[in-house]
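Student: Convert by adding 482 to the 1-based position in the sequence shown; the result is the number in the numbering used here.
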Amino acid sequence: MFRYSCLFGVRDIPVLLKQPHLVAHKFYIEYQPASYFCILKSTRQRTFSPVRFNSSLYAEIPYVELSRGVPFFNLSHPEWIMKIH
């Protein structure tokens, strides 16, 4: 924990690099700078050699579906809004 915030570090890098997510927060250069530079390098490489983007992961986000006019009861994941488990 750094300034009351959880941070990603060097041990998180292998898992993060395999994820389809667009972003990961929080990397601080003051905390395990190697993790910051590793993600920076990976992001730069992806910029010049992009992998195919799978938008279906984002299309199921409730707020995206609602903005497309999908009724609440037809959402793919209403529990993400209502915190139902």
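Cβ coordinates follow ideal geometry from the N, Cα and C atoms, glycine included.
Give the C-beta separation of E547 and S537 to the nearest angstrom, bearing in mind that I take them to be a contact with Cβ-Cβ under 8 Å.
Tutor: Your numbering for residue 547 matches position 65 in the sequence shown. Your numbering for residue 537 matches position 55 in the sequence shown. Going by Cβ atoms, the distance from E547 to S537 rounds to 13 Å, so no, they are not a contact pair.
Student: Provide the residue span of the alpha helix (DSSP H) that contains V546, from first to last.
Tutor: Taking the sequence shown and counting its residues from 1, the one referred to as residue 546 is at position 64. Per DSSP, V546 belongs to the alpha helix (DSSP H) from 544-549.
Student: With H, G and I counted as helix, E and B as strand and the rest as coil, what does DSSP make of R534?
Tutor: Taking the first residue of the sequence shown as 1, we reach residue 534 at position 52. Coil at R534, not helix or strand.
Student: Once DSSP output is grouped into helix, strand and coil, what is the label at P496?
Tutor: Mapped onto the sequence shown, residue 496 falls at position 14. The answer is helix: DSSP assigns P496 an H, G or I state.
Student: Could you check the C-alpha separation between R568 and P515 for me, to the nearest Å?
Tutor: No statement about residue 568 is possible, as the shown extent of the chain runs from 483 to 567 and does not include it.
Student: Can you check which of these residues, L499, P544, I543, S487, is closest to C520 by C-alpha distance?
Tutor: The count along the sequence shown starts at 1 and reaches residue 520 at position 38. With distances taken between Cα atoms, C520 lies closest to L499.
Student: Whole angstroms is fine: what's the gap from L522's alpha carbon to C488's?
Tutor: Indexing the sequence shown from 1 puts residue 522 at position 40. Indexing the sequence shown from 1 puts residue 488 at position 6. When rounded, the distance between both Cα atoms is 19 Å.
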